[in-house]
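Undergrad: Residue numbers (this note's numbering): 10 to 302. By construction, the Cβ of each residue, glycine as well, lies at the ideal position given by its N, Cα and C atoms. Below is one structure. I have some questions about it.
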Amino acid sequence: MKSFKISVPASSGNVGPGFDSTGLAINLYLTLEVTESEEWEFYSHSSSSNNNHEENFIFKIAKQTAERHDKTLPPCKVIEKSDIPLARGLGSSASAILAGIELANHACNLSLTLQEKLRYGTEIEGHPDNIAPALYGGLVISVVTEDEIDWIQIPVIDVDLVLYIPNIELKTEAARNVLPDSYPRNHAASASGISNMVIASLLSGNYELAGKMMERDLFHEPYRAELIPNFDKIRMEAKKHGAYGTVISGAGPTMLSIVPKGKAAAIAKPLQVLLTDYQVETLDIDLQGMKVE
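Pasting the structure below:
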């Protein structure tokens with residue numbers, strides 16, 4: 010087995026009202042450097058020691074994927090590194106799942122198609138809105154219908170990103186628990202229309218309208234806002250300094266602004282002064298998705 014490197018981007022799910030169906034790949038990365046070995050060695054970014062590989066989440070996904078094809082993972086030395094903060098709404102679990110699937114795919118010569126990787130990842134993650142952009146790159150809309158997963162990649166949108174990452178975690182389960190079990194028909198119709206307007210305005214290049222509509226979500230943000238520190242302050246200040254719109258990234262607690270091209274640093278600087286217990290990052294949309302070198 011030749012040595013190889015897997016790189017998987019972070020992702021921001023929902024992008025406002027695109028609940029569980031819209032996601033954006035972001036240029037923070039989980040990487041695995043993999044070489045053949047006589048025994049398993051798994052070194053995680055969170056520890057310099059040789060971790061118990063059988064307890065590692067990525068290894069478990071790889072083993073499950075290999076066994077699905079009646080294969081046994083060959084022993085490898087794996088060095089895991091990650092820029093993606095955990096439990097912050099940036100798709101860390103989706104990136105890890107795809108890394109595990111690709112580890113098995115490459116180490117066991119499974120020759121999985123992209124659609125198979127999407128399906129396997131979605132089955133584990135539960136929904137495709139983070140898996141799809143992390144796999145394909147860019148802004149991706151995806152949906153599970155019966156036994157199929159359909160997706161479409163939106164052409165490149167000409168915006169920059171500013172992310173506000175607090176020094177606290179928010180588990181997806183906790184963020185799910187505040188959501189209603191159902192929505193009245195009129196509420197759902199309005200929420201769906203807002204989501205449609207976001208995508209249409211992004212496609213037409215009307216980013217001001219896209220930002221306005223992103224902030225009018227009715228599916229999840231009104232319920233999760235109370236879980237997000239400084240939700241109203243971040244949205245108001247970002248808008249004041251020129252952002253098109255600001256939304257919760259995934260289930261939170263990170264928030265994300267889409268901003269005019271070339272204006273990210275000017276918007277981030279005053280927000281970083283204001284938000285002393287946050288990382289305020291200027292980032293780009295990743296356009297390639299998962300890569301193997």
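Which two residues bound the contiguous beta strand (DSSP E) that contains Tyr287?
TA: Taking the sequence shown and counting its residues from 1, one reaches residue 287 at position 278. Note, Tyr287: beta strand (DSSP E), 287-292.
Undergrad: Classify Phe51 as helix, strand or coil using the three-state DSSP reduction.
TA: Taking the sequence shown and counting its residues from 1, one reaches residue 51 at position 42. It is a strand residue.
Undergrad: Excluding five sequence neighbours on each side, which residues of the same chain lie with their C-beta closer than 8 Å to the C-beta of Ser58?
TA: Here residue 58 corresponds to residue number 49 of the sequence shown, with the count starting at 1. Annotation note: pLDDT 46 at Ser58 (below 50); position unreliable, coordinate value reported separately. Excluding sequence neighbours, Ser58 sits near Tyr52.
Undergrad: Which runs of the alpha helix (DSSP H), 4 residues or longer, sit entirely within the region 199-266?
TA: Runs found: 216-223, 230-233, 240-249.
Undergrad: Would you call the region 269-277 and the region 245-255 touching, i.e. three or more CB-CB distances under 8 Å?
TA: Yes, the region 269-277 is in contact with the region 245-255.
Undergrad: How many Å lie between Ile294 and Gly135 at the Cα?
TA: By 1-based counting over the sequence shown, the position of residue 294 is 285. By 1-based counting over the sequence shown, the position of residue 135 is 126. Spanning the two alpha carbons is a distance of roughly 24 Å.
Undergrad: Alpha carbon to alpha carbon, how far is His229 from Leu188? Give it in angstroms, no decimals.
TA: One-based indexing of the sequence shown puts residue 188 at position 179. One-based indexing of the sequence shown puts residue 229 at position 220. About 6 Å.
Undergrad: Grouping DSSP H, G and I as helix and E and B as strand, with all else coil, what is Thr122?
TA: Sequence index remark: in the sequence shown, residue 122 carries index 113 (1-based). In this structure, Thr122 counts as coil in the three-state DSSP scheme.
Undergrad: Is Gln162 helix, strand or coil when you go by DSSP?
TA: Position 153 of the sequence shown, counted from the first residue, corresponds to residue 162. Correct three-state label for Gln162: strand.
Undergrad: Tell me whether the region 128-148 and the region 227-245 touch, counting them as touching only if at least three CB pairs, one residue from each stretch, are closer than 8 Å.
TA: In short, these stretches do not touch, since the Cβ pair count stays below three.
Undergrad: Where does Glu76 sit, in a helix, a strand or coil, going by DSSP?
TA: The sequence position of residue 76 within the sequence shown is 67, counting from 1. Residue state, collapsed to three classes: helix.
Undergrad: Per DSSP, what are the beta-bridge partners of Ala19 in this structure?
TA: For this step, residue 19 is matched to residue 10 along the sequence shown. Beta-bridge pairing links Ala19 to Ile35.
Undergrad: In three-state DSSP terms, what is Thr44?
TA: Within the sequence shown, residue 44 is the residue found at index 35, counting from 1. Strand at Thr44.
Undergrad: From this set, Gly220, Gly27, Phe28, Leu41, which residue's C-alpha is nearest Pro18's C-alpha?
TA: Mapped onto the sequence shown, residue 18 falls at position 9. Among Gly220, Gly27, Phe28, Leu41, the Cα nearest to that of Pro18 belongs to Leu41.
Undergrad: Give the single residue among Pro83, Leu37, Val24, Glu157 whose Cα lies nearest to the Cα of Glu355.
TA: Since the displayed the chain opens at 10 and closes at 302, residue 355 lies outside it and no answer follows.
Undergrad: How is Ser58 classed by DSSP in three states: helix, strand or coil?
TA: As a first step, residue 58 is located in the sequence shown; it is residue number 49 there, counting from the start. For Ser58, the pLDDT reaches just 46, beneath the cut-off of 50, and the residue's location in the model is therefore unreliable, although a value from the coordinates is still provided. Here Ser58 sits in coil by DSSP.
Undergrad: Using the Cβ count rule (16 or more neighbours within 10 Å means buried), how would you classify Met222?
TA: Numbered from 1 along the sequence shown, position 213 holds the residue referred to as residue 222. Its Cβ being crowded by 16 or more others within 10 Å, Met222 is buried.
Undergrad: Going by C-alpha to C-alpha distance, which of Asn118, Gly146, Ile35 sits closest to Asp169?
TA: Within the sequence shown, numbered from 1, the residue matching residue 169 stands at position 160. Considering only alpha carbons, the answer is Ile35.
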